[in-house]
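**Student:** I'd like to ask some things about the structure below.
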Amino acid sequence: MVSTQTTAQQEDPSQSVQWPRGFTFNFLRLLKTRNTWKALCWSYVMTILALPLLVVCSFVITIPPTAAMIDWLARRGARWMGMIVIQRPRSRWLDWRLIISLAAQVILSSVCFIITLLLSMMLIAPTAELVMLGINGSPHDYGLTFGDWQPPIAVSIGFDVLTVFSSFAALVYAGWFFTGASMYVTTAANLSTQEQVEEIERSREVLIDAFTGERRRIERELHDGVQQYLTALQLNIATLELSMDSPSESATESIEQAKLNARRALEALRSTIRGIYPQVLQDMGLVAALRELVAHSGIEGEVLVAASPGASDHIEGTPALLMYHCAAEGITNAVRHGKATHVCIRVHFDHESTVLAVDDDGIGVQEGVEKQSSSGTGTAGLQERAAALRGAVVLEPSALMRGACLRIKLPRIEVISAAESL
């Protein structure tokens, strides 16, 4: 049994404090990014809002609505910068996290106002000096002079050009700093609390369990209803065939066609039932369901089972169904995309987690396979469902065979329950 490595869960980007992307200390490369110019524009927005914010926040009664308005504006700015900011549920009127965020935004805007104003003046003054040099042919009065002595025009031009470029570079870096700090404050103010995150996770688990229960109900109704009618139809056709003494050639052909259609319909229905929620999974467990899956897959394969000492090999409910679908997806990918002739399903039961890996001897991992769907699942869909159960799904080159390996790792239900009780 080849050991499988632990894979970390994918972090939800909406639950982490962010800084705008695209910053680099390489100035020429920085100028090529779109976010650089957006950050520069946003720094001027902060400069314009600095004085009005100071005036409005001087009245206590206007602070809560101002905090909500600035948060709304900052979230729009963050999305404009390409960031993910999901609004946190608010309290009715007074939200202290928004108040603290407003205070930070006021401080940032005030400092941004002072620095941007100074740098803008340092940028405009030498630019005007260069314009006057081009018009009059001599330095202007506010140019580079020392008493009655004026340096050569070349020195004055060089100094002005250096001042223009340095001021512009300082404006760009300052714009990035103040914009990034503003976005940081905004995302931090909208982070969900630990209680809200746990509530969302519990809701997701309830929805997934409800989805699994609905699958069981549909499977049971198809098995006890439609499948029974199709079986009865086959018996009726057989009875009709026996009751006919000397059927004509056309009647015999029609009966044979009816038998063929009924058999195909029954086989298709049974295949659908296995895809929804296989009866063997509910009656005999995951390992037996995996062996039946391999037997009906049309490809040679085997199921290897291992367990840590003292670890239970019993898994049921939503985790078992998800692992079954992952195995089915791995076999489908091996046949359809990997051109494999042999698969090996490995299951390892541990005290804290269960790992299932589907290895094949095909041509390996193909680009774009994760985005494709089979049986309504697809690797991307499996990854989302596994993340809801605090697990992970990975498609990678196989270490056991020369093809691909689709691996899923899910924590045991008792481990999740113990973690939530802490």
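Per UniProt numbering, numbering of the sequence shown is gapless, rising by one per residue and ending at 422.
C-beta: ideal position from N, C-alpha, C; glycine also.
Could you give the distance in angstroms between the alpha-carbon of residue 403 and the alpha-carbon of residue 188?
**Tutor:** If I take the Cα positions, the gap works out to 44 Å.
**Student:** What residue ranges within the region 306-338 form continuous alpha helix (DSSP H) runs of no fewer than 4 residues, ordered along the chain?
**Tutor:** 317-336, all fully within the region 306-338.
**Student:** Considering just the uninterrupted stretch of the alpha helix (DSSP H) at residue 399, what are its terminal residues?
**Tutor:** Segment: none, residue 399 is in no alpha helix (DSSP H) and carries neither H nor E.
**Student:** DSSP puts residue 304 in a beta bridge; with which residues?
**Tutor:** Residue 304 pairs with 346.
**Student:** Would residue 342 and residue 301 be called neighbours here (beta carbons separated by less than 8 Å)?
**Tutor:** Cβ atoms of residue 342 and residue 301: closer than 8 Å.
**Student:** Using C-beta distances below 6 Å, list every residue in its chain close to residue 346, excluding the 5 sequence neighbours before and after it, in chain order.
**Tutor:** Counting only Cβ-Cβ distances below 6 Å, and skipping sequence neighbours, we find 304, 357.
**Student:** Please check the pair residue 237 and residue 262, which I expect to be a contact at CB under 8 Å, by giving their CB distance rounded to whole angstroms.
**Tutor:** Sure, about 6 Å apart at Cβ, within 8 Å.
**Student:** Helix or strand or just coil, what does DSSP make of residue 12?
**Tutor:** The pLDDT assigned to residue 12 is 43, lower than 50, so where the model puts this residue is not dependable; a value taken from the coordinates is nonetheless given after this. Residue state, collapsed to three classes: coil.
**Student:** Identify every residue that forms a DSSP beta bridge with residue 354.
**Tutor:** For residue 354, which the question treats as bridged, DSSP gives the partners 349, 410.
**Student:** Identify the continuous alpha helix (DSSP H) that holds residue 423 and give its terminal residues.
**Tutor:** Here the chain has residues from 1 to 422 only, and residue 423 is not among them.
**Student:** Considering Cα atoms alone, identify which of 129, 127, 179, 112 is closest to residue 39.
**Tutor:** Cα-wise, what sits closest to residue 39 is 179.
**Student:** Hey, out of 323, 279, 350, whose CA is closest to residue 312's CA?
**Tutor:** When only C-alpha atoms are compared, the closest one is 350.
**Student:** Just verifying my parser: in three-state terms, what is the DSSP assignment at residue 45?
**Tutor:** Note: residue 45 maps to helix in three-state DSSP.
**Student:** Decide if residue 360 is buried, meaning its Cβ has at least 16 other Cβ atoms within 10 Å, or exposed.
**Tutor:** Buried.
**Student:** DSSP on residue 405, reduced to helix/strand/coil?
**Tutor:** The answer is strand: DSSP assigns residue 405 an E or B state.
**Student:** For residue 106, count neighbouring Cβ atoms within 10 angstroms of its own Cβ and tell me buried if that reaches 16, exposed if not.
**Tutor:** With 16 or more Cβ atoms within 10 Å of its Cβ, residue 106 is classed as buried.
**Student:** Assign residue 392 to one of three DSSP states: helix, strand, or coil.
**Tutor:** Here residue 392 sits in strand by DSSP.
**Student:** With residue 361 as the anchor, note down where its alpha helix (DSSP H) starts and where it stops.
**Tutor:** That residue, residue 361, is in no alpha helix (DSSP H); it is neither H nor E in DSSP.
**Student:** In angstroms, rounded to a whole number, what distance separates the CA positions of residue 131 and residue 70?
**Tutor:** In a straight line, the C-alpha of residue 131 is about 39 Å away from that of residue 70.
**Student:** Let me make sure I understand the geometry here. Which of 50, 253, 326, 278 has the alpha-carbon closest to that of residue 408?
**Tutor:** Considering only alpha carbons, the answer is 326.
**Student:** Once the 5 residues before and after residue 176 are set aside, which same chain residues still bring their CB inside 6 Å of it?
**Tutor:** Only 23, 39 meet the Cβ criterion.
**Student:** Please report the distance separating the alpha-carbon of residue 468 from that of residue 83.
**Tutor:** Because residue 468 is not part of the residues shown, which for the chain are 1 to 422, the question remains open.
**Student:** Rounded to whole angstroms, what is the Cα-Cα separation between residue 230 and residue 318?
**Tutor:** About 29 Å.
**Student:** Per DSSP, what kind of secondary structure is residue 22 in: helix, strand or coil?
**Tutor:** Three-state DSSP puts residue 22 in coil, outside helix and strand.
**Student:** Buried or exposed: residue 228, going by 16 or more other Cβ atoms within 10 Å of its Cβ?
**Tutor:** Exposed.
**Student:** Measuring alpha carbon to alpha carbon, tell me which of 253, 411, 333, 334 ends up nearest residue 348.
**Tutor:** Of the candidates 253, 411, 333, 334, the one whose C-alpha sits nearest the C-alpha of residue 348 is 411.
**Student:** Once you ignore the five residues that flank residue 169 on each side, which residues in its own chain have a CB closer than 7 Å to its CB?
**Tutor:** Here the set comprises 27.
**Student:** Please state the DSSP three-state secondary structure of residue 89.
**Tutor:** Residue state, collapsed to three classes: coil.
**Student:** Residue range of the alpha helix (DSSP H) that residue 82 falls in?
**Tutor:** Careful: residue 82 lies outside any alpha helix (DSSP H) and carries neither H nor E.
**Student:** At what residues does the alpha helix (DSSP H) containing residue 27 begin and finish?
**Tutor:** Where residue 27 is concerned, the enclosing alpha helix (DSSP H) stretches over 27-31.
**Student:** Cα separation between residue 79 and residue 171?
**Tutor:** Spanning the two alpha carbons is a distance of roughly 22 Å.
**Student:** Whole angstroms is fine: what's the gap from residue 330's alpha carbon to residue 385's?
**Tutor:** Those two C-alpha atoms are separated by around 16 Å.
**Student:** Could you pull out every residue in the same chain whose Cβ sits closer than 7 Å to the Cβ of residue 289, ignoring the five residues on either side in sequence?
**Tutor:** Here the set comprises 278, 280, 281, 324.
**Student:** Helix, strand or coil: which one does DSSP assign to residue 299?
**Tutor:** Residue 299: coil per DSSP, three-state reduction.
**Student:** In the structure shown, what three-state DSSP assignment does residue 57 receive?
**Tutor:** Three-state result, residue 57: coil.
**Student:** With DSSP run on the structure shown, which of helix, strand or coil describes residue 52?
**Tutor:** In the structure shown, residue 52 sits in a helix (DSSP, three-state: H, G or I).
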